[in-house]
Amino acid sequence: MAELQTYQYSLIALVFVWSGFVRSGLGFGGAVMSLPFLLLIDNRPLVYLPIIAVHLLFFSSITVWQNYKKHRNERLNSDATHAETGTIDWAYLKKSMKVMIIPKLIGVAGLLTIPASVMTGIIFTIVSVYSVTYIFNKPFKSTSKLLDNFFLILGAYISGTSLIGAPLIISVFATHVAKHRLRDTLFVLWFILVVIKMTAFVIAGVDLQLAQHIWLLPCATVGHLIGLRFHQKIVDGDPKIFYRVLGISLLSVSLMGIVTLFIK
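If you want this note's numbering, it's the position in the sequence shown, counting the first as 1, plus 162.
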């Protein structure tokens, strides 16, 4: 990032605050909600994806560990309803990974071989589709085993290319994992998928932008802390309006990005 202007650094910092806010406020979407903005600032997906991947590893680990300690205390000190089941559905996690592992690897390979401008166009297009589902409150839903596998395969592939396959994957997990175990199960899944991606980056010699974590991780942490407070307001209120505004914003940014690519 050495050749960027000062204002671009400032915008990138704000986007990572936003990324941390979305990740903790909504429970997912740190990548899908931030990549379009980052690519408008600097059109190089391979610069930002390693940074986002490390943030996912960091914050998912913290969240799962905190919930594990909370669950352990509940099991020792009370008769909590879910004390015996734990907060992670390991059985379904193992089952889904058998379906997702190959398309995940194919997606990672695609990221490393597809030109940056083409990859950016794909990301903007995918985010545009997600945005429309937010605007009309029609999220992806899985209703059969065949559709389950299709969404898992497609979600894993998209996750391999750009880390934005969460909406498709969540649509399947939400129908098979108990509500009280869903969040932690997804965080463990994100951790596994990101480790695969980071391993591929290391093998391929991709710059992990380690120096940039010194200032971007604190930015994401600020957003994370704000998002934790905002999360309860979303739960207590009507999230439809928030998602609709978010969808319109993302769609506008994505369409702007697509137009920019054609102009270039």
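The beta carbon of each residue, even a glycine, is placed where N, CA and C say it ideally should be.
Asked: Simplified DSSP assignment, three categories, for F302; Found: coil
Asked: CB-CB length for S321 against L355, believed under 8 angstroms; Found: 5 angstroms
Asked: Whole alpha helix (DSSP H) elements within the stretch 258-332, 4-residue minimum; Found: 278-297, 307-324
Asked: Of the residues G419, N311, M418, H375, the one placed nearest V179, counting alpha carbons only; Found: H375
Asked: Stretch-stretch touch, CB-based, cutoff 8 angstroms, three pairs: the stretch 215-233 with the stretch 299-306; Found: no
Asked: Presumed contact (8 angstroms Cβ cut-off) between I203 and Q170, rounded CB distance; Found: 5 angstroms
Asked: Status (buried if at least 16 other CB within 10 Å, exposed otherwise) for K359; Found: buried
Asked: Residues near Y254 by beta carbon distance below 6 angstroms, same chain, minus five either side; Found: H338, V339
Asked: Per-residue DSSP class, three states only, for S196; Found: coil
Asked: Whether S368 touches L274 by CB criterion (9 angstroms); Found: The displayed chain sequence assigns Val, not Ser, to residue 368. In this structure, L274 lies closer than 9 angstroms to V368 by Cβ.
Asked: Beta-carbon proximity check, I285 vs L201, cutoff 9 angstroms; Found: yes
Asked: Exposure label - F199; buried when at least 16 CB within 10 Å; Found: buried
Asked: S293 classed as buried or exposed, judged by whether at least 16 other C-beta atoms fall within 10 angstroms; Found: buried
Asked: P212 burial status per 10 Å Cβ neighbour count (16 or more: buried); Found: buried
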